[in-house]
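Notes to accompany the following structure.
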Amino acid sequence: MTQKRTEWRNFLKRFRKNKLAVFGLIVLVLITLAVLIVPPFLPYDEAQIDAAAFNSPPSAQHLLGTDTTGRDVLARLLYGGRVSLFVGVISTLISVVIGIPLGLLAAFYRGWFETLVMRATDIFMTIPSTILILFLVSMFGPSIVTVTVVIGVLGWTKFARQIYGTVLSVREKDYVEGGKAIGQRDSVIITRYILPNAIAPIFISITFRIASAIILESSLSFLGMGVQMPAASWGNMLYNAQSISILKNCQWMWLPPGLVLMLTILSINFIGNGLRDALDPKTSIR
Amino acid sequence: MRKYVLKRLIIAIPTFLGITLLVFALCYNATGSPLELLLSDPNISEAEVARRAEELGLNDPFHIQYFSWLKNFFCGNLGYSYRTNQAVMEMLMEALWPTVLLTLSAVLVACLISFPLGIQSARHQNGIWDTISSVFSFLSTSTPSFFLALVFLSIFSVHFGWLPIGGMYDTGKDATFLSLLRHLIMPACVLGSTLIGSLIQYIRSSMLEVMGEDYVRTARSKGLKERVVVIKHILRNSLIPVVTYLGMEIPLLMGGAVVTEQVFSWPGLGNLMLKSINSRDYPVIMGVTIITAVAVLLFNLLTDLFYGVLDPRIRHN
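One line per chain: the protein sequences are A and F, in this order. Numbering that gives the first Met the number 0 numbers the first residue of the first sequence as 0 and each following residue consecutively. Numbering that gives the first Met the number 0 numbers the first residue of the second sequence as 0 and each following residue consecutively.
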């Protein structure tokens, strides 16, 4: 127990030393707090149309201006942030819940189950995920739920592959043999002996996957295949910007969501890098 | 070498069959049937529709339909578009070349930027190049391509007016190479940008690993020029993980091409996919999905072969 605690303390120490990671964490917390707390205090909500102000530039009334239909950009930015973060986190959870057990059991029991799972990952990884996601979303109809579920379900391969690789090496360790020798049940060996020793790298992947899930969601919404108006997401706020006049004259409509999206992804990536370096100083890239 | 190629080919077959099965099963359960269009036509009686269904084999059990679809696929027949009535295969072939051109150009752009940066940052660790490539890779992994595309458009097309906003050639003019190049440059950079970040990291870490090898020290102590050592001894040997990575990322690029093609109205597979989705044109959607998967399989195969060429140990194992 004390050893575990020292490890944890060393891990925190290394993470804290990484300035970019700490910066990322602070920014991400600020963004999360902003999108969670601020919206109820805003004078407008995401779908509310101000008939007196279409395409109006930032002013005292609309801090970030309004979009082509007269909706407040700041309100959409904050509500959209909720959607983007929600989709990113929930869909990653779905991927983990599907991928981890499959990869773990495949590596533990080997045999036909292993073949089945690994061939399935091959198949899913060969079809470009954006294409497959578009395909599925078109079948079920675009909505926040479909997008979350589809991104989540299709994200399982990476986690399955990763835990599979780790478990393959962990299962050969002496303490697992020991567990088997004293007659522990498979379920106990998996949850008590193998999982704790294979789970750490998964947290790094989770971090990076949240970032890519957010990018996927915003790309889909940008294409009009994700979150549908009047609901806001950072991606669909840029949907309207695909016209020259808006690109040229209405930067307040598309620069803020784009920049906030970028800042969020950047922060998550900083955190992911920090976690990786802190977990295993040897593989540290920087 | 022939045995190696053959082995790779055989491994690809079950994956290919799995993909077709998956896509077919999804369509089988989703589309209802292509007869919906007919049913909505008041001039066609229900008996007529039933006759058509029988004719098209829609009443057959799943596996029979699948095998007849597969047979048609191998004969190059993927059915007809609901939207344009054109043969799906024809539409796919038309759109395939622009997508392949765009994807390969993107890889080229990514390599042109990543290799110098990766090599320099490995040679001078913690130097200025290391910082620059670090900034590049963080920006590249964190900028969604559609946002970058909009930024590029607003700078290079809208503000300066240097580059065309979309399409593949100037409309109404001859299709010249120069015109193609001018249209290609922005989409290729946007699509390539998604690759740069991790490519730099791969090149850097793989070079660092090789730099510690004995044969590199030997090469240096023989008095070879630094250029020769870096290119012939270090770079060549550190290429394998880099090539693997590039091969693995091709699916991602083909997928990313959907967004890029849409923003720049590039007439490729991604654009075709979106148009077909908006009109629920399932034969085309299915065709695009399968053809991109096949393209990815082929690229993976090429990567494996290239791998064998780079490292004789692999093909003899």
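Think of the CB as a built atom: it goes at the ideal place given N, C-alpha and C, for glycine as much as any other residue.
Where the alpha helix (DSSP H) through Ser141/F begins and ends: 127 to 141
Any idea what DSSP makes of Ile284/A, helix, strand or coil? For Ile284/A, the pLDDT reaches just 42, beneath the cut-off of 50, and the residue's location in the model is therefore unreliable, leaving the point undetermined.
So is Cys249/A buried or exposed if we call it buried at 16+ other beta carbons inside 10 Å? When all chains shown are included, Cys249/A counts as buried.
At a Cβ threshold of 9 Å, is Asn268/A touching chain F? yes
Since Gly17/F meets chain A, which of its residues come closer than 8 Å, beta carbon to beta carbon? Arg118, Ala119, Asp121, Ile122
Residues in its own chain within less than 7 Å of Pro282/F by CB, not counting five upstream and five downstream? Leu77, Gly78, Tyr79, Ser80, Tyr81, Val87
For Ala11/F, three-class secondary structure by DSSP: helix
What first and last residue would you give for the alpha helix (DSSP H) that runs through Leu152/F? Counting along the chain, Leu152/F falls outside any alpha helix (DSSP H), and DSSP gives it neither H nor E.
Which one or two residues does DSSP pair with Asp341/A in a beta bridge? There is no way to answer for residue 341/A, as the model of chain A reaches only from 0 to 285.
In the DSSP assignment, find the unbroken alpha helix (DSSP H) run with Val87/F in it and report its ends. 87 to 122
Measuring CB atoms only, is the stretch 69 to 85 of chain A touching the stretch 94 to 106 of chain A, in the sense that at least three cross pairs come out at less than 8 Å? With a cut-off of 8 Å, the stretch 94 to 106 of chain A and the stretch 69 to 85 of chain A do not count as touching, because too few Cβ pairs lie within range.
Residues bridged to Tyr238/A [DSSP beta-bridge criterion]: DSSP lists no partner for Tyr238/A.
From this set, Leu260/A, Tyr238/A, Ser137/A, which residue's C-alpha is nearest Arg81/A's C-alpha? Leu260/A
In terms of residues, what are the limits of the alpha helix (DSSP H) holding His62/F? For His62/F, the uninterrupted alpha helix (DSSP H) segment begins and ends at 61 to 73.
Beta carbon proximity, Gln306/A to chain F, threshold 9 Å: This structure gives no information on residue 306/A, because the portion of chain A shown stretches from 0 to 285.
Where the stretch 96 to 125 of chain F meets chain A: residues whose CB sits under 7 Å from a CB there: none
I'd like to know if the stretch 262 to 278 of chain F and the stretch 159 to 177 of chain F are in contact, where contact means that at least 3 CB-CB pairs between them fall below 8 Å. Flag = yes, the stretch 262 to 278 of chain F and the stretch 159 to 177 of chain F touch.
Buried or exposed (CB count within 10 angstroms, at least 16 for buried), Met90/F: buried
Pick from Ser204/F, Ala148/F, Ala109/F, Asn277/F: whose alpha carbon is nearest that of Ile249/F? Ranking Ser204/F, Ala148/F, Ala109/F, Asn277/F by Cα distance to Ile249/F puts Ala109/F first.
Beta-carbon of Thr125/A versus every beta-carbon of chain F: anything under 9 Å? yes
Around the Cβ of Ala106/A, are there at least 16 other Cβ atoms within 10 angstroms (buried) or fewer (exposed)? buried
May I ask whether a heavy atom of the ligand GDP can be found less than 8 Å away from the beta carbon of Ser153/F? Absent from the structure shown: the ligand GDP. Ligands present: none.
Using 9 Å as the limit for Cβ to Cβ distance, is Ala292/F near chain A? yes
Can you confirm whether Phe107/A, when its beta carbon is compared against all beta carbons of chain F, has any partner nearer than 9 Å? No, Phe107/A lies away from the interface with chain F (no Cβ there is under 9 Å from its Cβ).
Can you name the start and end residues of the alpha helix (DSSP H) that Pro186/F belongs to? Its alpha helix (DSSP H) spans residues 176 to 210.
Pro266/F versus chain C: which residues are under 8 Å apart at the beta carbon? Absent here is chain C; the protein component of the structure consists of chains A and F.
Mark Lys157/A as exposed unless 16 or more other C-beta atoms lie within 10 angstroms of its C-beta, in which case mark it buried. buried
Do you know how far the Cα of Val4/F is from the Cα of Leu73/A? 57 Å
Should Ala231/A be flagged as near chain F, meaning a C-beta pair shorter than 9 Å? no
Quick one, which of Leu297/F, Leu301/F, Gly222/F, Met285/F has its alpha-carbon nearest Leu20/F's? Met285/F
Should Thr302/F be flagged as near chain A, meaning a C-beta pair shorter than 9 Å? no
Nearest to Phe298/F by alpha carbon, out of Leu25/F, Tyr65/F, Val106/F, Asn270/F? Val106/F
When you check each C-beta in the stretch 229 to 260 of chain A against every C-beta of chain F, which residues fall closer than 7 Å? The residues in question are Leu237, Ala240, Gln241, Ile243, Leu246, Lys247, Trp253, Gly257, Leu260.
For chain F, is any of its Cβ atoms less than 9 Å away from the one on Thr129/A? yes
Tell me which residues share the same chain as Val166/A and place their Cβ nearer than 8 Å to its Cβ, disregarding the 5 neighbours each side in the sequence. Once the five neighbours on either side are set aside, the close Cβ partners of Val166/A are Gly102, Leu103, Ala106, Phe107, Ile193, Ala197.
Put Tyr78/A into one of helix, strand or coil per three-state DSSP. When DSSP states are grouped into helix, strand and coil, Tyr78/A belongs to the helix group.
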